[in-house]
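Visitor: Just dropping this structure here.
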Amino acid sequence: MIEHIPIWWYLTLSAVLFGLGVAGFIYRKSVITVFMSIELMLNAVNLTFVTFSYQNKNIDGHIYSFFVMVVAAAEAAVGLAIILTIFKNRGTLQIDEIDSMKL
Amino acid sequence: MDSILFIIAAVAAIGCGLNLVLQKHPISSALSLIGVMSSLALLYLLLGAEFIAMAQMIVYGGAVMVLFIFVIMLLNAGAEKRSDKSLFAQIAGFPLLAVLVVLLAFLIRETPFPSKISQVQFGSWVPGGSAEAIGMQLFSKFLYPFEVVSVLILIAILGAVVLARKEID
Amino acid sequence: MNLWLIPLCPLIGFLLSGLLGKRLPKQLVNIICVGSVAASFGLVIYLLSNIYPVNTPVTEHDFTWIQSGGLKIGFDLSVDRLTAVMLLVVTGVGLLIHTYSIGYMSHEEGYGRFFAYLNLFMFFMLLLVLAQNLLLLFVGWEGVGLCSYLLVGFYFKEKFAGDAANKAFIVNRIGDFGFMLGILLLVIQFHTLDFASIATAVKGMPVESSMGALSIITLLLFVGACGKSAQLPLYVWLPDAMAGPTPVSALIHAATMVTAGVYMVARVSFLYDHAPGAMHIVALVGLATAVFAATIGLAQNDIKKVFAYSTVSQLGYMFLGLGLGAYSAGVFHLMTHAFFKALLFLGAGSVIHGLSGEQDLRHMGGLRKAMPITFVTLGIASLSISGFPFFAGFYSKDAILAAAYESASPWMFWVGAATAGMTAFYVFRAYFLTFFGKYRGHHHPHESPFVMTFPLMVLAVFSIGAGKFLSVPEWLAPMFPVTEHGSMQPMIISASFGIGGILLATLLYVIVPSLSDSVKSAAGPIYTLLANKYYVDELYAAVIVKPLTLISRTVLWRGVDEGLIDTGLVNGLGRVAQALGEVARRWQSGSIRNSATWILAGSLLLIFILGLGVR
Numbered sequence: 046m047i048e049h050i051p052i053w054w055y056l057t058l059s060a061v062l063f064g065l066g067v068a069g070f071i072y073r074k075s076v077i078t079v080f081m082s083i084e085l086m087l088n089a090v091n092l093t094f095v096t097f098s099y100q101n102k103n104i105d106g107h108i109y110s111f112f113v114m115v116v117a118a119a120e121a122a123v124g125l126a127i128i129l130t131i132f133k134n135r136g137t138l139q140i141d142e143i144d145s146m147k148l
Numbered sequence: 002m003d004s005i006l007f008i009i010a011a012v013a014a015i016g017c018g019l020n021l022v023l024q025k026h027p028i029s030s031a032l033s034l035i036g037v038m039s040s041l042a043l044l045y046l047l048l049g050a051e052f053i054a055m056a057q058m059i060v061y062g063g064a065v066m067v068l069f070i071f072v073i074m075l076l077n078a079g080a081e082k083r084s085d086k087s088l089f090a091q092i093a094g095f096p097l098l099a100v101l102v103v104l105l106a107f108l109i110r111e112t113p114f115p116s117k118i119s120q121v122q123f124g125s126w127v128p129g130g131s132a133e134a135i136g137m138q139l140f141s142k143f144l145y146p147f148e149v150v151s152v153l154i155l156i157a158i159l160g161a162v163v164l165a166r167k168e169i170d
Numbered sequence: 200m201n202l203w204l205i206p207l208c209p210l211i212g213f214l215l216s217g218l219l220g221k222r223l224p225k226q227l228v229n230i231i232c233v234g235s236v237a238a239s240f241g242l243v244i245y246l247l248s249n250i251y252p253v254n255t256p257v258t259e260h261d262f263t264w265i266q267s268g269g270l271k272i273g274f275d276l277s278v279d280r281l282t283a284v285m286l287l288v289v290t291g292v293g294l295l296i297h298t299y300s301i302g303y304m305s306h307e308e309g310y311g312r313f314f315a316y317l318n319l320f321m322f323f324m325l326l327l328v329l330a331q332n333l334l335l336l337f338v339g340w341e342g343v344g345l346c347s348y349l350l351v352g353f354y355f356k357e358k359f360a361g362d363a364a365n366k367a368f369i370v371n372r373i374g375d376f377g378f379m380l381g382i383l384l385l386v387i388q389f390h391t392l393d394f395a396s397i398a399t400a401v402k403g404m405p406v407e408s409s410m411g412a413l414s415i416i417t418l419l420l421f422v423g424a425c426g427k428s429a430q431l432p433l434y435v436w437l438p439d440a441m442a443g444p445t446p447v448s449a450l451i452h453a454a455t456m457v458t459a460g461v462y463m464v465a466r467v468s469f470l471y472d473h474a475p476g477a478m479h480i481v482a483l484v485g486l487a488t489a490v491f492a493a494t495i496g497l498a499q500n501d502i503k504k505v506f507a508y509s510t511v512s513q514l515g516y517m518f519l520g521l522g523l524g525a526y527s528a529g530v531f532h533l534m535t536h537a538f539f540k541a542l543l544f545l546g547a548g549s550v551i552h553g554l555s556g557e558q559d560l561r562h563m564g565g566l567r568k569a570m571p572i573t574f575v576t577l578g579i580a581s582l583s584i585s586g587f588p589f590f591a592g593f594y595s596k597d598a599i600l601a602a603a604y605e606s607a608s609p610w611m612f613w614v615g616a617a618t619a620g621m622t623a624f625y626v627f628r629a630y631f632l633t634f635f636g637k638y639r640g641h642h643h644p645h646e647s648p649f650v651m652t653f654p655l656m657v658l659a660v661f662s663i664g665a666g667k668f669l670s671v672p673e674w675l676a677p678m679f680p681v682t683e684h685g686s687m688q689p690m691i692i693s694a695s696f697g698i699g700g701i702l703l704a705t706l707l708y709v710i711v712p713s714l715s716d717s718v719k720s721a722a723g724p725i726y727t728l729l730a731n732k733y734y735v736d737e738l739y740a741a742v743i744v745k746p747l748t749l750i751s752r753t754v755l756w757r758g759v760d761e762g763l764i765d766t767g768l769v770n771g772l773g774r775v776a777q778a779l780g781e782v783a784r785r786w787q788s789g790s791i792r793n794s795a796t797w798i799l800a801g802s803l804l805l806i807f808i809l810g811l812g813v814r
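Protein chains in written order, with the numbering used here: chain A, 46 to 148; chain B, 2 to 170; chain C, 200 to 814.
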């Protein structure tokens, strides 16, 4: 068994999770799922912060991660409120049908 | 011991992430997201960030995901249907994605980390616990961002209330 | 006393009358405008009485106008003996003409505008005369050109007045181009435009025997003088400028503006002294102009045109004097010419006013009983311009012709004397046709009011006495050394030519009037040539004006402006922007997933650059 985990495993895991988040954002068609992919991306980044905090033995990484969490929570609240409004106005939750911001 | 925990948490995280992307119904995706967050909390514990791990579980798992599930229930979101719009995304998305992950992995691998601490050990590396250390920094060096974030939350609350209330007829 | 007060008074008059003139009663406009010129005149008298006998020039430096690199040009005014002469002439004659205009323009509309322009002209002319450097002089030069345009085109509702004003300004401009080139060359050569500095710098330079830098400079400056002072070939604007009101012709085109060229040449005489080749050309052009214009004047029928060609001819005399090195003689003739030419024009104006606008000599005659004061004063002026002994013109013309007699080319004297005879002849022809014989018109001639005849009388006094009592060559002797005349011969010869001309005119127009008609028909084609001014205007129109307008219209207007700039550049840019916009428009499709994919692509690029760049 490996004695200790090298740091780059954590970072690679974070990168893979981020990639999965992007995949979800691009390929999913429901607005709520897209939103969840955004949360996944944010989490991946949080992992990176904490990892580097461990590497540099500096507590500031934890604090950045904390702020990211706070902002993500606020964003989730507002975003879901917006989704509710969109559903009320258009009656659909498919991303491809919400395309009126065009020239 | 910690390597086994890492393997378990990592596999769980990636598995739930794949599930999130591949499932058809939003509720399944939401539950997979909860799984991802839990595994990440475990990973934080492995990295000695117990305060962050707890905050993750409480804030994300306990509040944000509950909100998501409530909204899915409220809107009665159904399974997704096929769509043939957004061709560019469907075609170019996968290659770009692959390039992204490969690039990131390459960059990570090529970066010369100081070999002394490229190994992770289980257990807290902050003497006295990370909560105390975070608290000390938060209210001295990061006081201003802390206050600003408080205002941000207030605004988010107001925004959510305004957006989501019923129209008064 | 501050020198800048002298041009300031007319400037204030211009501003007040220009801005408020329409709303003010005529009396107030009179007080403001004539008063401002009177104030200037008073200031000049006061100044000269203080600094008499002006052995050293009085200079003042008001502010630095241009400071660029090594070139420093200030608003410098100065008064020396030459300036003193010009100041007295400009303000004195100007005051008299302003007074005269009160009567002459009393029935015209645009009264306030007229006086405003006259005051503006006085301002610029005084600036020109007081300037201590060539650029400030040029400012005055251009300014008087502008005022000439405004005043010649005063009756702007008539097309020929507007055309005449355009012609005056444009032809002047051609001369100004030469002037500006001269200024540029001066800056290159001496790095300054200050008269005193250039004079000291030139002292050390040798006298040029062939075309050197100084010759080119002086010739270019002379081109400017040709334009402003109506010499060959740029004289064509002056006869047409008679379209303006008569006081304008008197002030600007007789006494002051056209003499600016003469003044300028006298002012930079130190340059001309070092370029004898250029001086010779100046004398030749002056003499040629004098003869040319005199011959045309023989056959004109409009009283103002006769005097206009006479002005051109007399200016030629002045340049002849300058070109022969007799600077003080040229300036002397400038002064006496101001008096008798202004008197001639004002008198002609009086006749025209008395005949309610008639200007053709063939419709005048026998007016000596109806307009006695005008008759006497015009007679005095005619005698003066003919060089009749002991009148003012006699002394000044003699000074010039004597210089010609004693110069290296005495043939100039004989040509000049013959021209003097012609001058006498055509002036008296006009005089006799106006005042003798039977009245051939249909109006009721009457004498002009006192406000118009008073200036005539003052000018008449000066036309007689200015020669003997205001001897300019003596006054200017410290600046331009005068050599004593050798003999009385040139004086006698030129006087006899003059008297001969008068007698011939008397014969042809008073004693045996029918003789003039037979002479005219005998001369036949020569007479037609003269009457049509040698067809010079038509020549210019065909050779210069027509091709230029053609090129402007087809090539520059349609081709370059419309085709290239409007369609090509301006519209073209618009079309390019539109095309690009059409292409870029499709990007904004509204699809969120597409936008996200583009963001991904962009961020990949960034990561690539940053990540591999750090390496």
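Don't be surprised by glycine CBs; every beta carbon is placed ideally from N, CA and C. Remember, predicted model here, so these are calculated numbers, not experimental data.
(1) For the structure I just gave you, are there three or more beta carbon pairs, one from the stretch 498-515 of chain C and one from the stretch 558-575 of chain C, closer than 8 Å?
(2) Please list the partners that B:S87 has in chain C, where partner means a Cβ-to-Cβ separation under 7 Å.
(3) Could you check the C-alpha separation between C:S267 and C:T766 for me, to the nearest Å?
(4) According to DSSP, simplified to helix, strand and coil, what is C:H260?
(5) Cα separation between C:A363 and C:A424?
(6) Give me, in chain order, the residues of the same chain whose beta-carbon lies closer than 6 Å to that of C:S606; leave out the 5 immediate sequence neighbours on both sides.
(7) Taking the alpha-carbon positions, what's the B:V127 to A:N134 distance?
(8) Closest Cβ-Cβ distance between C:Q777 and chain A: below 8 Å?
(9) Go through its chain and collect everything with a Cβ distance to B:C17's Cβ below 6 Å, but skip five positions before and after it.
(10) Pull up the distance between the alpha-carbon of C:L147 and that of C:H479, whole angstroms please.
(11) Taking the alpha-carbon of C:G699 as reference, which of C:W340, C:Y625, C:S715 and C:A665 has the nearest alpha-carbon?
(12) Using 8 Å as the limit for Cβ to Cβ distance, is A:F94 near chain C?
(13) Leaving aside the five residues before and after C:Y708 along the sequence, list all residues of the same chain whose C-beta is less than 8 Å from its C-beta, in chain order.
(14) Going along chain D, which residues have a C-beta under 9 Å from A:N134?
(15) Pick out whichever of C:V435, C:V457, C:F368 and C:G615 has its Cα sitting closest to the Cα of C:V490.
(16) Using a Cβ-Cβ cutoff of less than 6 Å, which residues in the same chain neighbour C:M517 once the five nearest sequence positions on both sides are dropped?
(17) Put C:I265 into one of helix, strand or coil per three-state DSSP.
(18) Exposed or buried, which one is C:H260 when buried takes at least 16 other CB atoms within 10 Å?
(19) Are C:V386 and C:L392 closer than 8 Å when you measure CB to CB?
(20) Taking the alpha carbon of C:M651 as the point to measure from, which residue in C:L219, C:L295 and C:V228 has its own alpha carbon closest?
(21) Would you mind telling me which residues of chain B sit closer than 8 Å to C:I806, beta carbon to beta carbon, in chain order?
(22) Specify the secondary structure class of C:V278 as computed by DSSP and reduced to three states.
(23) Give me the chain A residues within the contact set of C:L803, using Cβ-Cβ distance strictly less than 8 Å, ordered along the chain.
(24) Determine the closest residue to C:N318 out of C:M621, C:S216, C:I750 and C:S608, with distance taken between C-alpha atoms.
(25) Name the chain C residues that come within less than 7 Å of A:K147, Cβ to Cβ?
(26) Does C:I725 come out as helix, strand or coil in the three-state DSSP assignment?
(27) Does the CB of A:T137 have a neighbour CB from chain B at under 8 Å?
(28) What residues in the stretch 55-89 of chain B have a beta carbon less than 9 Å from any beta carbon of chain A?
(29) Quick one: is B:Y145 near chain A, going by C-beta distance under 8 Å?
(30) Suppose you measure from the CA of C:C232 to the CA of C:G553; what does that come to, to the nearest Å?
(31) Using only the alpha-carbon positions, how far apart do C:Y583 and C:A730 sit?
(32) Residues in the same chain with beta-carbon distance under 6 Å from C:H536, minus the five sequence neighbours each way, listed in chain order, please.
(33) With contact counted as at least three CB pairs below 8 Å, one residue from each stretch, are the stretch 59-71 of chain B and the stretch 4-14 of chain B in contact?
(34) Shortest alpha-carbon distance to C:P588 belongs to which of C:L566, C:S693 and C:L658?
(35) Straight-line CA distance for C:D375 to C:L383?
(36) Looking at C-alpha atoms only, which residue of C:H306, C:M463, C:H297 and C:A591 is the closest neighbour of C:P654?
Guide: The structure says:
(1) yes
(2) Here residue 87 of chain B is taken as the residue at index 86 of the second sequence, counted from 1. Going along chain C in sequence order, the residues near B:S87 (Cβ under 7 Å) are S790, R792 and N793.
(3) Indexing the third sequence from 1 puts residue 267 of chain C at position 68. Indexing the third sequence from 1 puts residue 766 of chain C at position 567. Answer to the nearest angstrom: the Cα atoms are 40 Å apart.
(4) Start at 1 with the first residue of the third sequence, and residue 260 of chain C comes out as number 61. Strand, per DSSP.
(5) Here residue 363 of chain C refers to the residue found at position 164 when the third sequence is read from its first residue. Here residue 424 of chain C refers to the residue found at position 225 when the third sequence is read from its first residue. Their Cα atoms are separated by approximately 20 Å.
(6) The residue labelled residue 606 of chain C in the question sits at position 407 within the third sequence. These residues qualify, in order along the chain: L523.
(7) The residue you call residue 127 of chain B lines up with position 126 of the second sequence. The residue you call residue 134 of chain A lines up with position 89 of the first sequence. A direct Cα-Cα distance of roughly 51 Å separates B:V127 from A:N134.
(8) For the purposes of this step, residue 777 of chain C is identified with residue 578 of the third sequence, where counting begins at 1. Not an interface residue.
(9) The residue you call residue 17 of chain B lines up with position 16 of the second sequence. Closer than 6 Å at the Cβ level, and outside the excluded window around B:C17, lie S33, G36 and V37.
(10) Lying before the first or after the last residue shown, residue 147 of chain C is absent from chain C, which here runs from 200 to 814.
(11) Residue 699 of chain C sits at position 500 when you count from the first residue of the third sequence. That would be C:Y625, whose Cα lies nearest to the Cα of C:G699.
(12) Here residue 94 of chain A refers to the residue found at position 49 when the first sequence is read from its first residue. No - not a single Cβ of chain C is within 8 Å of the one on A:F94.
(13) Within the third sequence, the letter at position 509 stands for residue 708 of chain C. Within the same chain, C:Y708 has close Cβ partners F627, R628, F631, L632, F635, G636 and S715.
(14) Absence of chain D from the displayed structure is noted, the protein chains being A, B and C.
(15) Position 291 of the third sequence, counting from 1, holds the residue named residue 490 of chain C. It is C:G615.
(16) For the purposes of this step, residue 517 of chain C is identified with residue 318 of the third sequence, where counting begins at 1. Once the five neighbours on either side are set aside, the close Cβ partners of C:M517 are V461, G529, H532 and L533.
(17) Position 66 of the third sequence, counted from the start, is the residue given in the question as residue 265 of chain C. Residue state, collapsed to three classes: strand.
(18) Looking up residue 260 of chain C in the third sequence gives position 61. Its Cβ having fewer than 16 others within 10 Å, C:H260 is exposed.
(19) Taking the first residue of the third sequence as position 1, residue 386 of chain C is located at position 187. Taking the first residue of the third sequence as position 1, residue 392 of chain C is located at position 193. Closer than 8 Å, so yes.
(20) Within the third sequence, numbered from 1, the residue matching residue 651 of chain C stands at position 452. Closest by alpha carbon: C:L295.
(21) The count along the third sequence starts at 1 and reaches residue 806 of chain C at position 607. Here the neighbours are L101, L104, L105 and L108.
(22) Counting from 1 along the third sequence, the entry for residue 278 of chain C is found at position 79. Looking at C:V278 - three-state DSSP - the assignment turns out to be strand.
(23) Taking the third sequence and counting its residues from 1, one reaches residue 803 of chain C at position 604. Near C:L803 there are no residues of chain A at all, since even the closest Cβ is about 10 Å away, more than 8 Å.
(24) Counted from its first residue, the third sequence places residue 318 of chain C at position 119. Out of C:M621, C:S216, C:I750 and C:S608, C:S216 has the C-alpha closest to the C-alpha of C:N318.
(25) Here residue 147 of chain A refers to the residue found at position 102 when the first sequence is read from its first residue. In chain order: Q787, S788 and G789.
(26) By 1-based counting over the third sequence, the position of residue 725 of chain C is 526. In the structure shown, the three-state DSSP call for C:I725 is helix.
(27) Translated into positions along the first sequence, residue 137 of chain A becomes position 92. Not one chain B Cβ lies under 8 Å of A:T137.
(28) A56, Q57, V60, Y61, A64, V65, M66, L68, F69, F71, V72, I73, L75, L76, A78, G79, A80, E81, K82, R83, S84, D85, K86 and S87
(29) Numbered from 1 along the second sequence, position 144 holds the residue referred to as residue 145 of chain B. Chain A, which has no Cβ nearer than 8 Å to the Cβ of B:Y145, makes this no.
(30) For the purposes of this step, residue 232 of chain C is taken as residue 33 along the third sequence, with counting starting at 1. For the purposes of this step, residue 553 of chain C is taken as residue 354 along the third sequence, with counting starting at 1. Rounded to whole angstroms, C:C232 and C:G553 show a C-alpha spacing of 25 Å.
(31) The residue you call residue 583 of chain C lines up with position 384 of the third sequence. The residue you call residue 730 of chain C lines up with position 531 of the third sequence. According to the sequence provided, residue 583 of chain C is Ser. The question's Tyr does not apply to it. Going by the C-alpha atoms only, they are around 25 Å apart.
(32) Working through the third sequence from its first residue, we reach residue 536 of chain C at position 337. Q513, listed in sequence order.
(33) The answer is no - the stretch 4-14 of chain B does not touch the stretch 59-71 of chain B, with fewer than three Cβ pairs under 8 Å.
(34) Start at 1 with the first residue of the third sequence, and residue 588 of chain C comes out as number 389. Comparing Cα positions, the closest option is C:S693.
(35) If you number the third sequence from 1, residue 375 of chain C lands on position 176. If you number the third sequence from 1, residue 383 of chain C lands on position 184. Rounded to whole angstroms, C:D375 to C:L383 spans 12 Å at the Cα level.
(36) What you label residue 654 of chain C is simply residue 455 of the third sequence in a count that begins at 1. Among C:H306, C:M463, C:H297 and C:A591, the Cα nearest to that of C:P654 is on C:H297.
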